[in-house]
Amino acid sequence: MPEAQVPASQGSIMDREGLQALLDVLTSRGFGVVGPRVRDEAVVYEPIRNVADLPEGWTDRQDGGRYRLERREDRALFGYAVGPHSWKQFLFPSRQRLWQARRTETGLEFLEEPSRDERWAFLGVRACELCAIAIQDRVFLGGVHRDRSYAERRQRVFVVAVQCAEPSGTCFCVSMQAGPKATCGFDLALTELLHAGSHRFLVEAGSRVGQEVLAAIPHRPANEDERRAAEKVTALAAARMGRTLETRGIRELLQSHPEHPRWEEVASRCLSCGNCTMVCPTCFCSTVEDHSDLSGKHTERMRLWDSCFTLGFSYLHGGSVRKEIRSRYRQWMTHKLSTWFDQFGSSGCVGCGRCITWCPVGIDITEEARAMRSSLPEETAHV
Amino acid sequence: MPTSPRPRLAVWKFASCDGCQLSFLDCEDELLSLAGEVEIGYFLEASGRTLPGPYDLSLVEGSITTPEDTQRIREVRRLSKRLVTIGACATAGGIQALRNFARIEDFVSSVYASPEYIQTLERSTPIAAHVPVDFELRGCPIHPLQLLEVISAFLAGRSPAIPTYSVCIECKRAGNPCVLVSRGVACLGPVTQAGCGAICPGYARGCYGCYGPMESPNTPSLARAWRALGSSRRDLLRAFRTFNAGAEAFRRESEANAD
Ligand code: SF4
Ligand code: SF4
Ligand code: SF4
Ligand code: SF4
Numbered sequence: 001m002p003e004a005q006v007p008a009s010q011g012s013i014m015d016r017e018g019l020q021a022l023l024d025v026l027t028s029r030g031f032g033v034v035g036p037r038v039r040d041e042a043v044v045y046e047p048i049r050n051v052a053d054l055p056e057g058w059t060d061r062q063d064g065g066r067y068r069l070e071r072r073e074d075r076a077l078f079g080y081a082v083g084p085h086s087w088k089q090f091l092f093p094s095r096q097r098l099w100q101a102r103r104t105e106t107g108l109e110f111l112e113e114p115s116r117d118e119r120w121a122f123l124g125v126r127a128c129e130l131c132a133i134a135i136q137d138r139v140f141l142g143g144v145h146r147d148r149s150y151a152e153r154r155q156r157v158f159v160v161a162v163q164c165a166e167p168s169g170t171c172f173c174v175s176m177q178a179g180p181k182a183t184c185g186f187d188l189a190l191t192e193l194l195h196a197g198s199h200r201f202l203v204e205a206g207s208r209v210g211q212e213v214l215a216a217i218p219h220r221p222a223n224e225d226e227r228r229a230a231e232k233v234t235a236l237a238a239a240r241m242g243r244t245l246e247t248r249g250i251r252e253l254l255q256s257h258p259e260h261p262r263w264e265e266v267a268s269r270c271l272s273c274g275n276c277t278m279v280c281p282t283c284f285c286s287t288v289e290d291h292s293d294l295s296g297k298h299t300e301r302m303r304l305w306d307s308c309f310t311l312g313f314s315y316l317h318g319g320s321v322r323k324e325i326r327s328r329y330r331q332w333m334t335h336k337l338s339t340w341f342d343q344f345g346s347s348g349c350v351g352c353g354r355c356i357t358w359c360p361v362g363i364d365i366t367e368e369a370r371a372m373r374s375s376l377p378e379e380t381a382h383v
Numbered sequence: 001m002p003t004s005p006r007p008r009l010a011v012w013k014f015a016s017c018d019g020c021q022l023s024f025l026d027c028e029d030e031l032l033s034l035a036g037e038v039e040i041g042y043f044l045e046a047s048g049r050t051l052p053g054p055y056d057l058s059l060v061e062g063s064i065t066t067p068e069d070t071q072r073i074r075e076v077r078r079l080s081k082r083l084v085t086i087g088a089c090a091t092a093g094g095i096q097a098l099r100n101f102a103r104i105e106d107f108v109s110s111v112y113a114s115p116e117y118i119q120t121l122e123r124s125t126p127i128a129a130h131v132p133v134d135f136e137l138r139g140c141p142i143h144p145l146q147l148l149e150v151i152s153a154f155l156a157g158r159s160p161a162i163p164t165y166s167v168c169i170e171c172k173r174a175g176n177p178c179v180l181v182s183r184g185v186a187c188l189g190p191v192t193q194a195g196c197g198a199i200c201p202g203y204a205r206g207c208y209g210c211y212g213p214m215e216s217p218n219t220p221s222l223a224r225a226w227r228a229l230g231s232s233r234r235d236l237l238r239a240f241r242t243f244n245a246g247a248e249a250f251r252r253e254s255e256a257n258a259d
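From first to last, the protein sequence lines stand for chains A and B. Sequential numbering of the first sequence, starting at 1, is according to full-length UniProt numbering. Sequential numbering of the second sequence, starting at 1, is according to full-length UniProt numbering.
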């Protein structure tokens, strides 16, 4: 976890061999490196060891409810946007045992889960994902009740960010002020520089341990041209967002129109399948299940990713509070863009576009916000 | 009669393929501990020895398809303190509920040499259409671990942790890239109840709907998405008319796509 920021570095240059050296150094320092690779027709985040594991020469085409990998003309290693996975699956696993209990002769014995010593190095974290991690840090670590297992995993993570060059058709991080340029929250940040047959990376260190790791791999100082080329990568990406979302007054807009007819309209399309919440890098909701065994002598409590699209999520005495899909979609979108401010002091959306791409029926949060705003008189829409 | 300290269990069969009872027998490791916790009173698939009722827990496989069934299920209910139905036949009428969409006489006369000996009902119906049911465990077949969960919950006097949300939630927890989005493969996962662990999407196949409709199935919207992927109305009719053809939401969607 990056500690106090170090002075902005002037940037260093490494080549593809340097990238392999980075993987080797991280591995030798005891990190399990996870990064992007192609599996099942998508770029997913899984353990990697070599540069050859990365999705070389691949890009993605994304739209509402649609994702396709395509070949690029160059050998870019990071020439795509975010896929179905996010880093939350490592920091906040989808299924986790919280404790076990055994019936003994004298009563009950509770067994805590042992501390885990895994140390992850995340390779290829995008700007929006850094923001999402910062948001989940506030959720899990910010309040009075810190999540111990999240804290353990999080504090050991080494973050290698990658500056975005290829936003997808569903990206809107510019609107959410979450990208495409990563400016903090990383140990190292890479900008992939590809032109005229050369393949290099501009490396910036964002923490002391990042500087140490950089010192252990072959590199040289970047020159002025290279720095400008790197700036241009994210500037061009910022100009090519697939989507936009007008955030002015969005917080009030959503909270003051709970009966807007658009909620009913979107409910006719929404499957209440929960995919949007599962892929969202900031969604943090979980449920617990207790499983006693046949003998009744042993039980365990599991924590699983949950979603506000399930009926069980709002189950209180006598039934679910949000019976209709309309109220579940409204809860989701209002939480992301509005009540998250009340709860955590920021937006709950970083504009990564996953919920749009991975919704089986392509429901688009930016489109829903636009539809709601445009149907209202000018002054209400811009409260 | 001396009362046994262990709850007495019975397993009953109606119109079915025995697959769910086999899932039960597949719980190999746990069967021994189960035998220690309950007294198997009636389970013909496993043992010829039977004990008289009443039974503390009855597991019922199969659907109601004959006039005798309608009587026998009442008797089973009368003998059972708790009655749990297992599998698509018992909870939705099973594959044999395809008869519900046609004329039964046509089937009988084309299948049997002497149709006059056949006594059958016009429709195949779930157990809950005939007697009160305490819990319905879905699946074609049921998942052994879910069955153990239901029995453990019964023994502990707690409610079973059997979710009713979509297969998608299990699919995403497992980390599968969605086959519908990334390959354009038609998948029933968004309208199907979880329970299998999203096996098919894990093998790049669409979900077949074995666990029946999830808690709030929006089948018309999924059907529109399938059409956009190139599925025909006939594809939709067939997808919704399988083991859970008789389940309300699937029945309605198949009828909406019938010609
Ligand atoms: S709401 Fe959608 S676009 Fe926003 S962070 Fe979540 S998945 Fe990304
Ligand atoms: S949008 Fe729903 S699932 Fe996501 S954090 Fe909010 S309540 Fe939880
Ligand atoms: S918005 Fe899309 S992904 Fe989310 S619950 Fe509705 S249909 Fe599923
Ligand atoms: S593959 Fe099927 S079950 Fe899995 S998320 Fe996609 S639609 Fe849902």
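Virtual Cβ for every residue (Gly too), placed ideally from N, Cα, C.
Quick one: does the C-beta of residue i sit closer than 8 Å to a heavy atom of ligand 2?
i: residue 283 of chain A; result: yes
i: residue 280 of chain A; result: yes
i: residue 308 of chain A; result: yes
i: residue 331 of chain A; result: yes
i: residue 336 of chain A; result: yes
i: residue 351 of chain A; result: no
i: residue 348 of chain A; result: yes
i: residue 287 of chain A; result: no
i: residue 277 of chain A; result: yes
Rounded C-beta distance between residue i and residue j? I'm assuming under 8 Å.
i: residue 187 of chain A; j: residue 159 of chain A; result: 5 Å
i: residue 311 of chain A; j: residue 215 of chain B; result: 5 Å
i: residue 271 of chain B; j: residue 14 of chain B; result: Because chain B here runs from 1 to 259, residue 271 of chain B falls outside it and cannot be looked at.
i: residue 135 of chain B; j: residue 84 of chain B; result: 5 Å
i: residue 119 of chain A; j: residue 30 of chain A; result: 6 Å
i: residue 96 of chain A; j: residue 299 of chain A; result: Not really, about 16 Å apart at Cβ, beyond 8 Å.
i: residue 150 of chain A; j: residue 92 of chain A; result: 6 Å
i: residue 334 of chain A; j: residue 271 of chain A; result: Not quite, the Cβ-Cβ distance comes to about 19 Å (not below 8 Å), so this is no contact.
i: residue 39 of chain B; j: residue 295 of chain A; result: Wrong, their Cβ atoms sit about 15 Å apart, outside the cutoff.
i: residue 149 of chain B; j: residue 163 of chain B; result: The pair is not a contact, with the Cβ atoms about 11 Å apart (cut-off 8 Å).
i: residue 119 of chain B; j: residue 66 of chain B; result: 6 Å
Using 8 Å as the cut-off, classify the Cβ of residue i as near or not near the heavy atoms of ligand 3, replying yes or no.
i: residue 361 of chain A; result: yes
i: residue 6 of chain B; result: no
i: residue 164 of chain A; result: no
i: residue 305 of chain A; result: no
i: residue 358 of chain A; result: yes
Taking the alpha-carbon of residue i as reference, which of the options has the nearest alpha-carbon?
i: residue 183 of chain B; options: B:169, B:229, B:75, B:73; result: B:229
i: residue 19 of chain A; options: A:92, A:201, A:131; result: A:201
i: residue 253 of chain B; options: B:168, B:64, B:101, B:115; result: B:101
i: residue 84 of chain A; options: A:76, A:68, A:23; result: A:68
i: residue 181 of chain A; options: A:332, A:81, A:271; result: A:81
i: residue 26 of chain B; options: B:90, B:145, B:242; result: B:145
i: residue 168 of chain B; options: B:213, B:143, B:150; result: B:213
i: residue 273 of chain A; options: A:252, A:226, A:325; result: A:325
i: residue 86 of chain A; options: A:358, A:322, A:70; result: A:358
i: residue 219 of chain B; options: B:111, B:185, B:166, B:173; result: B:166
i: residue 18 of chain B; options: B:62, B:152, B:192; result: B:62
i: residue 338 of chain A; options: A:313, A:267, A:256, A:52; result: A:256
Does the beta carbon of residue i fall short of 8 Å from some heavy atom of ligand 1?
i: residue 372 of chain A; result: no
i: residue 176 of chain A; result: yes
i: residue 270 of chain A; result: no
i: residue 128 of chain A; result: yes
i: residue 182 of chain A; result: no
i: residue 354 of chain A; result: yes
i: residue 40 of chain B; result: no
i: residue 172 of chain A; result: yes
i: residue 133 of chain A; result: no
i: residue 365 of chain A; result: yes
So which residues of chain E does residue i contact, with C-beta pairs closer than 7 Å?
i: residue 67 of chain A; result: You won't find chain E in this structure, because its protein chains are A and B.
message = Pairs of beta-carbons, one from the region 128-137 of chain A and one from the region 158-178 of chain A, closer than 8 Å: are there three or more?
response = yes
ask   = Can you list every residue whose CB sits closer than 7 Å to some heavy atom of ligand 4, going in chain order?
value = A:273, A:275, A:360, B:166, B:167, B:168, B:171, B:172, B:176, B:178, B:179, B:180, B:181, B:187, B:189, B:190, B:198, B:201, B:206, B:207
inquiry  = Could you check whether the region 354-374 of chain A touches the region 123-137 of chain B, counting it as contact only if at least three pairs of C-beta atoms, one from each stretch, sit closer than 8 Å?
reply    = no
request  = Count the CB pairs spanning the region 14-31 of chain A and the region 203-217 of chain A that are closer than 8 Å, and state whether there are at least three.
outcome  = yes
message = For the pair the region 268-280 of chain A and the region 193-211 of chain B, tell me if three or more CB-CB distances fall below 8 Å.
response = no
query = Does the count of Cβ pairs from the region 133-143 of chain A and the region 51-62 of chain A closer than 8 Å reach three?
reply = no
request  = Determine contact between the region 42-62 of chain B and the region 5-23 of chain B, defined as no fewer than three beta-carbon pairs at a distance below 8 Å.
outcome  = yes
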